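Peer 1: In our numbering, the protein residues as written are 5 to 395.
What follows is a single structure, and I will ask about it in a moment.
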């Protein structure tokens, strides 16, 4: 029989259940406790009413919130792109191949090297409070390299995404139709058993709307659910395609028309915003306020990748969203927890309510607001994943 634990003396507990506490979207409970049995939350409420359990942990008047749900990352890659970043930030031209540089390094890496990198970045994210993560392929662009990346990822998370359609493979750069045929045929056959999701970079220079529709539709036919890189660099068909295909999320959403915003607001598709990319490329910030005011569901994630957002820190992204994207601290925290869960079509993560996984982050601060109030400070003092303290 599994043991039970109650964490008491929590100054402020974010549950993401509006029926609790202050009845806000965060369901904020003051002077709170949360009880865990096995890998699940079994009770949440005021500390004075906490049930008897086998073990008791004193939070010391600090804040507790759900573990962060990072619903967009690219953690299977070889090498890095330090020189490219340094040149961009120094105002110097840089002629190397961007994503193609990472493709070459990833193809050259062994399975053990790819897995060691993945484990390193996951441990780094866990120390910062991330307890659920999605990650993608997309740096192999051959059937063998894409499928091996997904096999490695599937050993560490259930949220695995096939992104063979990241860019057209260099060897087929002059024949994109042939590459789309490969992605929707042989490559999809090899990759589908190891993934839950299918993704495509719908953008000028990558895949147009018709190509993206063909790729995502083929994935759906093989049981993979769509997600999409949409409207990152320019306005385009990505967001409306995501809504048309009932994609779980449209990611980036930096350049939106009013029609795009309306489509998101009237759909189940989550707008996943990735401020680390704008920070690292000095691109315009996504307008979270516009999306939220329209009624769209917004998630916040890291987009951790070696080229345009090499951060695994959800707290950093929360601070950016509050400072530069028009989000309140409450909205940013919700989007990094329950919003990420929504982007993965899950309600068992990103919230602290009975039946949800016991994924908790303890802050060395009395309030979740400190994540934005004290940017860059390592505030995560404890992490529980599936009921087990891991940090």
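We treat Cβ as the ideally placed atom computed from N, Cα and C, and that holds for glycine.
Keep in mind it's a predicted model, so treat the numbers as computed, not measured.
Note down, in chain order, each residue of its chain lying with its Cβ closer than 8 Å to the Cβ of residue 64, except the 5 sequence neighbours on either side.
Peer 2: Excluding residues within five positions, the ones whose Cβ falls inside 8 Å are 13.
Peer 1: Output the boundary residues of the alpha helix (DSSP H) element that contains residue 140.
Peer 2: From DSSP, residue 140 is part of no alpha helix (DSSP H) but of the beta strand (DSSP E) over 134 to 140.
Peer 1: Counting only beta-carbon atoms, is residue 47 nearer than 8 Å to chain D?
Peer 2: Among the protein chains of the structure shown there is no chain D, as only one such chain exists.
Peer 1: Out of 298, 277 and 296, state which residue places its alpha-carbon closest to the alpha-carbon of residue 288.
Peer 2: The candidate whose alpha carbon is nearest that of residue 288 is 277.
Peer 1: Using 8 Å as the threshold, is the region 267 to 282 in touch with the region 290 to 307, meaning 3 or more CB pairs across them?
Peer 2: Output reads yes: the region 290 to 307 touches the region 267 to 282.
Peer 1: To the nearest angstrom, report how far apart residue 205 and residue 53 are at their CA atoms.
Peer 2: Approximately 50 Å between the Cα atoms of the pair.
Peer 1: Below 8 Å between beta carbons: does that hold for residue 229 and residue 255?
Peer 2: No, they are not a contact pair.
Peer 1: The alpha helix (DSSP H) spanning residue 285 covers which residue range?
Peer 2: 279 to 285 is the span of the alpha helix (DSSP H), which, as asked, contains residue 285.
Peer 1: Which residues mark the beginning and the end of the beta strand (DSSP E) in which residue 308 is found?
Peer 2: That residue, residue 308, is in no beta strand (DSSP E); it is neither H nor E in DSSP.
Peer 1: So what does DSSP say about residue 317, is it helix, strand or coil?
Peer 2: Reduced to three states, the DSSP call for residue 317 is coil.
Peer 1: The alpha helix (DSSP H) spanning residue 296 covers which residue range?
Peer 2: Unbroken alpha helix (DSSP H) run through residue 296: 292 to 298.
Peer 1: Looking only at C-alpha atoms, which of 160, 174 and 129 sits nearest to residue 111?
Peer 2: Residue 174 is the option with its Cα nearest to residue 111.
Peer 1: Is the distance from the Cβ of residue 134 to the Cβ of residue 59 below 8 Å?
Peer 2: No.
Peer 1: Suppose only complete runs of 4+ residues qualify. What are the alpha helix (DSSP H) ranges in the region 197 to 262, listed by chain order?
Peer 2: List check, alpha helix (DSSP H) in window: 213 to 225 and 242 to 248.
Peer 1: How many whole angstroms separate the CB atoms of residue 48 and residue 358, which I take to be in contact at a CB cut-off of 8 Å?
Peer 2: Right, their Cβ atoms sit about 7 Å apart.
Peer 1: Should residue 376 and residue 336 be called a contact, given that it needs their Cβ atoms to be closer than 8 Å?
Peer 2: Yes; because the gap between Cβ atoms is below 8 Å, this pair is in contact.
Peer 1: Determine, using beta carbons only, whether residue 166 and residue 150 come nearer to each other than 8 Å.
Peer 2: Taking 8 Å as the Cβ cut-off, residue 166 and residue 150 qualify as a contacting pair.
Peer 1: Could you spell out where the alpha helix (DSSP H) holding residue 159 opens and where it closes?
Peer 2: Segment: none, residue 159 is in no alpha helix (DSSP H) and carries neither H nor E.
Peer 1: For residue 331, count neighbouring Cβ atoms within 10 angstroms of its own Cβ and tell me buried if that reaches 16, exposed if not.
Peer 2: By the 10 Å Cβ count, residue 331 comes out buried.
Peer 1: Can you tell me where the alpha helix (DSSP H) holding residue 124 begins and where it ends?
Peer 2: Residues 115 to 131.
Peer 1: Identify the residues that DSSP records as bridge partners of residue 41: which are they?
Peer 2: 8 and 44.
Peer 1: Of the choices 50, 226 and 321, whose alpha-carbon is the least far from that of residue 25?
Peer 2: The shortest C-alpha separation from residue 25 is found at 50.
Peer 1: Excluding the 5 residues flanking residue 282 on each side, which residues of the same chain have their C-beta closer than 6 Å to its C-beta?
Peer 2: The residues are 289.
Peer 1: Quick check on the DSSP output: the alpha helix (DSSP H) that includes residue 89 runs from which residue to which?
Peer 2: Start and end: 86 to 94.
Peer 1: Give the single residue among 348, 87 and 341 whose Cα lies nearest to the Cα of residue 72.
Peer 2: Nearest of 348, 87 and 341 to residue 72, Cα basis: 341.
Peer 1: Would you call residue 227 buried or exposed, if buried means 16 or more other Cβ atoms sit within 10 Å of its Cβ?
Peer 2: So residue 227 counts as exposed.
Peer 1: Given a threshold of 16 other Cβ atoms within 10 Å of its Cβ, counted over all protein chains shown, does residue 114 qualify as buried or as exposed?
Peer 2: With fewer than 16 other Cβ atoms within 10 Å, it is exposed.
Peer 1: Would you be able to state if there are at least three C-beta pairs under 8 Å between the region 157 to 171 and the region 123 to 139?
Peer 2: Output reads yes: the region 157 to 171 touches the region 123 to 139.
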